[in-house]
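**Student:** Numbering (this note's numbering), first residue to last: 834 to 1216. By construction, the Cβ of each residue, glycine as well, lies at the ideal position given by its N, Cα and C atoms.
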Ligand SMILES: *Cc1c(COP(=O)(O)O)cnc(C)c1O
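#1: On the three-state DSSP scale, how would you describe residue 919?
#2: In or out: residue 1209 buried (at least 16 other Cβ within 10 Å) or exposed?
#3: Does at least one heavy atom of ligand 1 sit under 6 Å from the Cβ of residue 991?
#4: In whole angstroms, what separates the C-alpha of residue 1194 from that of residue 944?
#5: Just list the beta strand (DSSP E) runs in the region 864-917, keeping only unbroken ones of 3 residues or longer that don't cross its boundaries, in chain order.
#6: In this structure, what does DSSP give as the bridge partners for residue 936?
#7: Where do the N-terminal and C-terminal ends of the beta strand (DSSP E) with residue 1146 fall, by residue?
#8: Distance check for residue 1202 and residue 1097, CA to CA, integer angstroms please.
#9: Give me the Cα-Cα distance between residue 1139 and residue 1039, rounded to the nearest whole angstrom.
#10: For residue 1041, which of 889, 852 and 873 has the nearest alpha-carbon?
#11: With distances taken from CA atoms, which of 848, 845 and 872 is nearest residue 857?
#12: Heavy atom of ligand 1 less than 6 Å from the Cβ of residue 923, yes or no?
#13: Please list the terminal residues of the continuous alpha helix (DSSP H) segment that includes residue 1073.
#14: Are the beta-carbon atoms of residue 907 and residue 932 separated by less than 7 Å?
#15: Report buried or exposed for residue 1188, applying the criterion of at least 16 other Cβ atoms within 10 angstroms of its Cβ.
#16: Ends of the beta strand (DSSP E) at residue 1268?
#17: Between the region 1100-1108 and the region 1067-1081, are three or more C-beta pairs nearer than 8 Å?
#18: Consult DSSP for residue 1202 and reduce its assignment to one of helix, strand or coil.
#19: Since I believe residue 1099 is in contact with residue 1133 (beta carbons under 8 Å), could you give me their beta-carbon distance rounded to a whole number of angstroms?
#20: Who pairs with residue 1005 in a beta bridge, going by DSSP?
#21: According to the Cβ coordinates, are residue 1162 and residue 941 closer than 7 Å?
#22: Got a sec, what are the start and stop residues for the alpha helix (DSSP H) residue 1095 sits in?
#23: Is it the case that the Cβ atoms of residue 936 and residue 962 are separated by a distance below 7 Å?
#24: Got a sec? Which residues, its chain only, sit under 6 Å from residue 1003 by beta carbon, not counting five neighbours each side?
#25: Going along the chain, which residues of its own chain have a beta-carbon closer than 6 Å to the beta-carbon of residue 1043, five neighbours each way excluded?
And the structure:
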């Protein structure tokens, strides 16, 4: 059996080696290392893939979030509501810009920001909601957009984990994750569903004016050469990373399908086990049917009931199976983001999840032998 890894980037590279290498070689041949034709080509191809008017590439997913908030003109004192259960980058940039982060609890079923919790947190100072499509699954966008409309708030989708997921609205309309809110950010960190071979990120929006503003912000606030109209940043996707991404983009759907197939096999193996709750897709589907495109399984995350999680982690590691706990500490309990306004009772689901979750190996290259070894090793510990 091949060695089991959390992410297998070498295995993913092998079948596309020629495409990636020649794409990188083109950049070297032209020496257009910054803002070269590859960056423009990738931007256009990603706009077409997502069905969004503007993709603005930048240096990483954290910058993308920050620049999105700068582009919307959010100011110190403005409150921004986001999920307590996410990677720290989401809340970090809110705090960094001097905005006021307002963390709220999540939904126990899909791990995403809870609608009732958002409602409770809205004040006259609230300016934006940042839903995170955590682990590859779309947040409750219909409800979030309704709330945003009613209270005149911006919606910034943190789409670092769900590129390629499709959200189906109650009225049947389908849209790619990251194209529903006013603006979205994504990350091309190597282990993300569409990863480059270094750092990369992008901002998406359908708003022409906002796109124009942001194209200046990423380039030192410059709209005309050496005229600096606003305080900007330097945040670029370099051409070599764009070359890798442009070679990988045509494979994104098949990569996400491979992740969904693995998730389906895991779900089947753990079905009805009293100590395990498997992920469900948006419509509550456990078998992850063909209509479950709202989940692209950046992570495959179980909830454990009455299980010694540390013991299970040790057991799996001893068998050569890596696993992860995302995220072990709720953000409201992190030193950097503590706030006297928070009441621990308002974060019951996040508190519970940080004790119960475990993520199993999830990538595009897992084979049946590995999946069977992983599932039987998990089950052996539980019986
Ligand atoms: C990865 C990630 C980010 C940050 O992306 P970087 O490219 O590492 O800066 C932001 N938010 C979430 C939810 C992420 O998973």
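**Tutor:** Put simply:
#1: Numbered from 1 along the chain shown, position 86 holds the residue referred to as residue 919. Coil at residue 919, not helix or strand.
#2: Counted from its first residue, the chain shown places residue 1209 at position 376. That one is exposed.
#3: Numbered from its first residue, the chain shown carries residue 991 at position 158. Flag set: Cβ of residue 991 near ligand 1.
#4: In the chain shown, counting from the first residue as 1, residue 1194 sits at position 361. In the chain shown, counting from the first residue as 1, residue 944 sits at position 111. Answer to the nearest angstrom: the Cα atoms are 18 Å apart.
#5: 887-891 and 912-916, all fully within the region 864-917.
#6: Locating residue 936 in the chain shown gives position 103, where the first residue counts as 1. 915.
#7: The count along the chain shown starts at 1 and reaches residue 1146 at position 313. Looking at the DSSP string, residue 1146 is not in any beta strand (DSSP E); the run it does join, the alpha helix (DSSP H), is 1142-1151.
#8: Walking along the chain shown from the start, residue 1097 turns up at place 264. Walking along the chain shown from the start, residue 1202 turns up at place 369. Cα to Cα, the separation comes out at about 15 Å.
#9: Translated into the one-based positions of the chain shown, residue 1139 becomes position 306. Translated into the one-based positions of the chain shown, residue 1039 becomes position 206. Inter-residue distance for residue 1139 and residue 1039 is about 46 Å (C-alpha atoms, whole angstroms).
#10: Your numbering for residue 1041 matches position 208 in the chain shown. By alpha-carbon distance to residue 1041, the top candidate from 889, 852 and 873 is 889.
#11: Taking the first residue of the chain shown as position 1, residue 857 is located at position 24. Closest by alpha carbon: 872.
#12: Indexing the chain shown from 1 puts residue 923 at position 90. Yes, ligand 1 has a heavy atom inside 6 Å of this Cβ.
#13: Reading the chain shown from its first residue, position 240 is the one you call residue 1073. First-last of the alpha helix (DSSP H) with residue 1073: 1072-1081.
#14: In the chain shown, the residue the question calls residue 907 occupies position 74. In the chain shown, the residue the question calls residue 932 occupies position 99. Cβ distance < 7 Å, so residue 907 and residue 932 count as in contact.
#15: To locate residue 1188, count along the chain shown from 1; it is residue 355. Counting Cβ neighbours within 10 Å, residue 1188 comes out exposed, since fewer than 16 surround it.
#16: No answer is possible for residue 1268: the residues shown for the chain start at 834 and end at 1216.
#17: Taking 8 Å as the limit for Cβ pairs, the verdict is that the region 1067-1081 does not touch the region 1100-1108.
#18: Translated into positions along the chain shown, residue 1202 becomes position 369. Residue 1202: helix per DSSP, three-state reduction.
#19: Taking the chain shown and counting its residues from 1, the one referred to as residue 1133 is at position 300. Taking the chain shown and counting its residues from 1, the one referred to as residue 1099 is at position 266. Yes, residue 1133 and residue 1099 are in contact; Cβ-Cβ is about 6 Å, under 8 Å.
#20: Locating residue 1005 in the chain shown gives position 172, counting from the first residue. Answer by DSSP bridge pairing: none, since residue 1005 is not bridged.
#21: Within the chain shown, the letter at position 329 stands for residue 1162. Within the chain shown, the letter at position 108 stands for residue 941. Residue 941 sits away from residue 1162, with the two beta carbons spaced by 7 Å or more.
#22: For the purposes of this step, residue 1095 is identified with residue 262 of the chain shown, where counting begins at 1. Where residue 1095 is concerned, the enclosing alpha helix (DSSP H) stretches over 1085-1103.
#23: Taking the first residue of the chain shown as position 1, residue 936 is located at position 103. Taking the first residue of the chain shown as position 1, residue 962 is located at position 129. No, the Cβ-Cβ distance between residue 936 and residue 962 is not below 7 Å.
#24: Residue numbering aside, residue 1003 sits at position 170 when the chain shown is read from its first letter. Residues of the same chain with a CB within less than 6 Å of the CB of residue 1003, apart from the 5 flanking positions on each side, are 975 in chain order.
#25: By 1-based counting over the chain shown, the position of residue 1043 is 210. Correct list, in chain order: 904.
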